[in-house]
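A.B. asks: Okay, handing you the structure first.
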Amino acid sequence: MKSRTQIIHIILITLLTIMTAVLLHSCANRGSGPQGGPKDESSPVIVKSSPDNRARLVSSKRISIEFNELISIEAAYKNVIISPTQKNQPTVKAIGKKAVITLEDSLLDNTTYTIDFGNSIVDYNEKNVLKDYQFSFSTGADFDTLQISGIVLDAHTLKAMSGISVGIYKTDNDTAFETTPFMRMTKTKEDGSFVIRNIKEGKYKLYALNDFTQTYFYKQIGTDIAFCDSILQPDVHMHGKIDTIWSDSLKTKFDSLIVDAHTEYYPKDLILKSFKENPIRHFFKKCTRNGKNNFTLTFGATPLKQPVLTIIDSTEHSNWYVQEKAMRADSLTYWITDSLLYKQDTLKLSLIYLKTDSTSNLVEKTDTINMVVTNKIGKKRNKSNEVDNQNLPLLFVHNIVNDMEVYDTLSLNFEEPITEIAKDSIQLFIKKDTIWTQVPFELIKDDSLCTKKLNFIYKKSYGDTYKLNVDSASIRSMYGRTVDKFYKTFRIKQLEEYGNLFIKLPDMPQNGIIELLNQKEQWVQTAFIDGNEYIFQDIKPGVYYIRLIIDENANGKWDTGIYKDNKQAELVYYYPKQIKIRANWDIEEEWPYNNIPWEKQRPEELKINDSKK
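Written out as structure tokens, the structure is:
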């Protein structure tokens, strides 16, 4: 007879064996078990809120919105916009299935509040977005319902500006945009569109701002801004369409009337074109002396007046430098001509220039600069020592390739200013059959006082082969260094390798500039005008875009706006399709640029690229 303890052990062993078998069977048949339901692709659904959406006579500063599932709020500080704008940052949290907002400012009387969540509310697990959700309530018995809508585009590219703050002010404050946060505001969607809701009756000014600092007013010059030229007075119109249902086929008796009513808010379809003001602040940045015989002064903007340079020592120096033609408007390069000076490793310089002070006025400023030679590591030739060794050859770079474009200008760019050119020792030849024939040319200097670049002007022929010969010592620098012998052969591309584009405009604009842009929207050519046509010649095969600039001040370029002068950026139009240029083809396009809405001008291919960035 077995004891009770033995019986219990037998039962436990039996149960353990059964459980092990079941477990092994389950592991061997993983696919046979429950696999879960389909992936959740639904946005969170609002269950209830306190107070109710669009509630009146609200006195609580705490808003709670409950959903049917766990949620999170993405980048609440950046994405959740509350109007009227709050002085103290509100608390916005996701707590389980609830979005809880606590306002820190006192509630204003008889005011409609709007909490614009945008696309910030998502479900916790799958991140499905509740798109464009807004919650509103009123502290008074009335509820403001007027609204203003439109789109924000970049003034130069007509690109849709997403995430831009758009807001309004009352018209009685001309400086509000520079001193006070928006009264009511929203942010633009990916397509640049915006709607400012729950506005009271009245007159308003409308602005847009790329507000990185979340101040909601124009604080930093150089930020994207836009403004509407006219005063806006929001209004609402009721529209209705009546349809008749006839009771017989002859339409002699009607059975009923159907009224299709809808509401439209004005103004709508506004277009704000954003621009960056040129931040013109004049100041001295730095002095760089990479070689003994030259130095560069860098400023915050193009100097309005030539700086005054004086060497500080016991000796009086005059005409001790020549200034290089500026490649960058804010940088000035000087070449020292006095050997007693450039042989010194350190020079002390007095610099007198114009600087913008704290009141934005230009004042004369004097700085003392110690110029020390900077030795760059890793260079085969140390430029700081070259000036002492005239046996080293004068180096230059050229732009010659095997197949030259017909519109390229052959050029030589020297490492230091040149003073002597023996033109008879420089020859350009053209190859006809097997014979090289000399070609006449002109040498154009980039600057007569400080020449560092030579351009060759000659009559080009499509498809012909050329050769440039430069004899040794034919070009000498101001420091006595001469070039080595150089020769290079190249070909001008065939006419058949290019295409041409002819643009006809029904209305020829005054001071119109039409630009050819590549796929990266980089400038390629500016068209010339022949009668009523803009013509682009000798274009390489590829995909291009066309942009028209209305050059109001006729300075040959696009100019941005100036807010204080109430001046918008110059108008820009885009041909709404990409243009494919093929070799040996002429393309003609007619462009009624005034008949195409601005928001539809930017080509679809560019819009697709915009969305990928």
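Sequential numbering from 0 applies to the sequence shown in numbering that gives the first Met the number 0.
For glycine and all other residues, C-beta sits at the position ideal for the given N, C-alpha and C.
State the DSSP-derived secondary structure class of Ser161, mapped to helix, strand or coil.
C.D. replies: Numbered from 1 along the sequence shown, position 162 holds the residue referred to as residue 161. Residue state, collapsed to three classes: coil.
A.B. asks: Check whether the Cβ of Glu441 lies closer than 7 Å to any Cβ atom in chain B.
C.D. replies: No chain B appears in this structure, which consists of one protein chain only.
A.B. asks: Output yes or no for whether 7 Å exceeds the beta carbon distance between Tyr574 and Ile549.
C.D. replies: For this step, residue 574 is matched to residue 575 along the sequence shown. For this step, residue 549 is matched to residue 550 along the sequence shown. In this structure, Ile549 does not lie closer than 7 Å to Tyr574 by Cβ.
A.B. asks: So is Asn292 buried or exposed if we call it buried at 16+ other beta carbons inside 10 Å?
C.D. replies: Position 293 of the sequence shown, counted from the first residue, corresponds to residue 292. Counting Cβ neighbours within 10 Å, Asn292 comes out buried, since at least 16 surround it.
A.B. asks: So, at 6 Å on beta carbons, what are the nonlocal neighbours of Leu102 in its own chain, with the 5 sequence-adjacent residues on each side left out?
C.D. replies: The count along the sequence shown starts at 1 and reaches residue 102 at position 103. Closer than 6 Å at the Cβ level, and outside the excluded window around Leu102, lie Lys60, Pro89.
A.B. asks: In chain order, what residues of the same chain have a beta carbon less than 6 Å from the beta carbon of Asp210, not counting five sequence neighbours either side?
C.D. replies: Translated into positions along the sequence shown, residue 210 becomes position 211. Taken in chain order, the residues that qualify are Ser164.
A.B. asks: If I'm right that Phe136 touches Arg53 with Cβ under 8 Å, what's the distance once you round it to whole angstroms?
C.D. replies: The count along the sequence shown starts at 1 and reaches residue 136 at position 137. The count along the sequence shown starts at 1 and reaches residue 53 at position 54. 7 Å between Cβ atoms; contact.
A.B. asks: In this structure, what does DSSP give as the bridge partners for Leu308?
C.D. replies: Residue 308 sits at position 309 when you count from the first residue of the sequence shown. In the DSSP output, where bridge partners are listed per residue, Leu308 has Leu350.
A.B. asks: Given that a residue counts as buried once 16 or more other Cβ atoms are within 10 Å of its Cβ, and exposed if not, what is Ser229?
C.D. replies: As a position in the sequence shown, residue 229 is number 230, starting the count at 1. By the 10 Å Cβ count, Ser229 comes out exposed.
A.B. asks: Check whether the Cβ atoms of Phe395 and Asn412 sit closer than 7 Å, and answer yes or no.
C.D. replies: If you number the sequence shown from 1, residue 395 lands on position 396. If you number the sequence shown from 1, residue 412 lands on position 413. Cβ distance < 7 Å, so Phe395 and Asn412 count as in contact.
A.B. asks: Assess, as a yes-or-no matter, whether the stretch 355-367 is touched by the stretch 494-505 under the definition of 3 or more beta carbon pairs within less than 8 Å.
C.D. replies: Segments in contact, no.
A.B. asks: Given a cut-off of 7 Å, decide if Asp329 and Thr301 are closer than it, judged by their beta-carbon atoms.
C.D. replies: In the sequence shown, the residue the question calls residue 301 occupies position 302. In the sequence shown, the residue the question calls residue 329 occupies position 330. Yes, these two residues count as a Cβ contact at 7 Å.
A.B. asks: By Cβ distance below 6 Å, which residues in the same chain neighbour Gln85 in space, the five residues on each side in sequence not counted?
C.D. replies: Residue numbering aside, residue 85 sits at position 86 when the sequence shown is read from its first letter. Contacts found: Asp104.
A.B. asks: If we count the other Cβ atoms within 10 Å of its Cβ and call it buried at 16 or more, is Ile7 buried or exposed?
C.D. replies: As a first step, residue 7 is located in the sequence shown; it is residue number 8 there, counting from the start. Unreliable positioning characterises Ile7 in this predicted model, as indicated by a pLDDT of 45, which lies under 50. A coordinate reading is not provided.
A.B. asks: Counting beta carbon pairs with one atom in the stretch 278-295 and one in the stretch 170-179, are three or more of them shorter than 8 Å?
C.D. replies: Touching, no.
A.B. asks: Which residue wins for smallest C-alpha separation from Lys563, given the options His261, Lys38, Ile224, His155?
C.D. replies: Translated into positions along the sequence shown, residue 563 becomes position 564. Minimum Cα distance to Lys563 is reached at Ile224.
A.B. asks: Among residues of its own chain, excluding the 5 on either side of Leu353, which ones have a beta-carbon nearer than 8 Å to its beta-carbon?
C.D. replies: In the sequence shown, counting from the first residue as 1, residue 353 sits at position 354. Excluding positions up to five away in sequence, the list reads His281, Pro302, Leu303, Lys304, Leu361, Val362, Glu363, Lys364.
A.B. asks: Mind reading off the beta-carbon distance from Asp463 to Lys430? Whole number of angstroms is fine, and I expect it under 8 Å.
C.D. replies: Residue numbering aside, residue 463 sits at position 464 when the sequence shown is read from its first letter. Residue numbering aside, residue 430 sits at position 431 when the sequence shown is read from its first letter. Right, the Cβ-Cβ distance comes to about 7 Å (below 8 Å), so this counts as a contact.
A.B. asks: Nearest CA to the CA of Asp609: which residue from Thr179, Tyr461, Leu157?
C.D. replies: Residue 609 sits at position 610 when you count from the first residue of the sequence shown. Nearest of Thr179, Tyr461, Leu157 to Asp609, Cα basis: Leu157.
A.B. asks: Starting from Ser424, trace the beta strand (DSSP E) in both directions and tell me its first and last residue.
C.D. replies: The residue you call residue 424 lines up with position 425 of the sequence shown. It is not in any beta strand (DSSP E) - Ser424 carries neither H nor E in the DSSP assignment.
A.B. asks: Leaving aside the five residues before and after Gly560 along the sequence, list all residues of the same chain whose C-beta is less than 6 Å from its C-beta, in chain order.
C.D. replies: Here residue 560 corresponds to residue number 561 of the sequence shown, with the count starting at 1. Hits under 6 Å: Phe274, Lys566, Gln567, Ala568.
A.B. asks: In whole angstroms, give me the CA-to-CA distance for Tyr215 and Leu69.
C.D. replies: Working through the sequence shown from its first residue, we reach residue 215 at position 216. Working through the sequence shown from its first residue, we reach residue 69 at position 70. Roughly 32 Å between the two C-alpha positions.
A.B. asks: For the stretch 515-581, which segments carrying the beta strand (DSSP E) assignment without a break, of at least 3 residues, lie completely within its bounds, in sequence order?
C.D. replies: With a minimum length of 3 residues, the continuous beta strand (DSSP E) runs that stay inside the stretch 515-581 are 522-525, 527-529, 532-538, 541-549, 571-573, 578-580.
A.B. asks: I'd like the span of the beta strand (DSSP E) that includes Ser410, first residue to last.
C.D. replies: Here residue 410 refers to the residue found at position 411 of the sequence shown. Unbroken beta strand (DSSP E) run through Ser410: 409-420.
A.B. asks: Compare the Cα-Cα distances from Asn78 to each of Ile114, Ser48, Leu107, Pro50 and report the closest residue.
C.D. replies: As a first step, residue 78 must be located in the sequence shown, where it is residue number 79. For Asn78, the nearest C-alpha among the options comes from Ile114.
A.B. asks: Could you pull the start and end residues of the beta strand (DSSP E) that Lys77 belongs to?
C.D. replies: Within the sequence shown, residue 77 is the residue found at index 78, counting from 1. Note, Lys77: premise wrong, no beta strand (DSSP E); alpha helix (DSSP H) at 75-78.
A.B. asks: Quick check on this structure: which residue in Glu415, Glu73, Ile474, Ile434 has the alpha carbon closest to the alpha carbon of Leu442?
C.D. replies: Counted from its first residue, the sequence shown places residue 442 at position 443. With distances taken between Cα atoms, Leu442 lies closest to Ile474.
A.B. asks: Taking the beta strand (DSSP E) that Lys611 belongs to, which residues open and close that run?
C.D. replies: The residue given as residue 611 occupies position 612 in the sequence shown. First-last for Lys611: 603-611, but that is the alpha helix (DSSP H), not the beta strand (DSSP E).
A.B. asks: Closer than 8 Å is the cut-off here; do at least three beta carbon pairs connect the stretch 518-531 with the stretch 480-495?
C.D. replies: No, the stretch 518-531 does not touch the stretch 480-495.
A.B. asks: Look up Ser71 in the DSSP assignment and say whether it is helix, strand or coil.
C.D. replies: Start at 1 with the first residue of the sequence shown, and residue 71 comes out as number 72. Correct three-state label for Ser71: strand.
A.B. asks: Using a Cβ-Cβ cut-off of 7 Å (strictly less than) and excluding sequence neighbours within five positions of Ile279, which residues of its own chain qualify?
C.D. replies: Taking the first residue of the sequence shown as 1, we reach residue 279 at position 280. Within the same chain, Ile279 has close Cβ partners Ala300.
A.B. asks: What residue does the alpha helix (DSSP H) around Thr178 start on, and which one ends it?
C.D. replies: Reading the sequence shown from its first residue, position 179 is the one you call residue 178. Counting along the chain, the alpha helix (DSSP H) containing Thr178 begins and ends at 175-178.
A.B. asks: Taking the alpha helix (DSSP H) that Ser273 falls in, what are its first and last residues?
C.D. replies: As a working mapping, residue 273 is identified with position 274 in the sequence shown. Looking at the DSSP string, Ser273 is not in any alpha helix (DSSP H); the run it does join, the beta strand (DSSP E), is 269-275.
A.B. asks: Starting from Ala207, follow its DSSP beta bridges and name the residues at the other end.
C.D. replies: If you number the sequence shown from 1, residue 207 lands on position 208. Val165, Ala225.
A.B. asks: Does the separation of the CB atoms of Ala159 and Arg55 fall below 7 Å?
C.D. replies: Position 160 of the sequence shown, counted from the start, is the residue given in the question as residue 159. Position 56 of the sequence shown, counted from the start, is the residue given in the question as residue 55. Cβ atoms of Ala159 and Arg55: not closer than 7 Å.
A.B. asks: Mind reading off the beta-carbon distance from Gly162 to Lys186? Whole number of angstroms is fine, and I expect it under 8 Å.
C.D. replies: Taking the first residue of the sequence shown as position 1, residue 162 is located at position 163. Taking the first residue of the sequence shown as position 1, residue 186 is located at position 187. Right, the Cβ-Cβ distance comes to about 6 Å (below 8 Å), so this counts as a contact.
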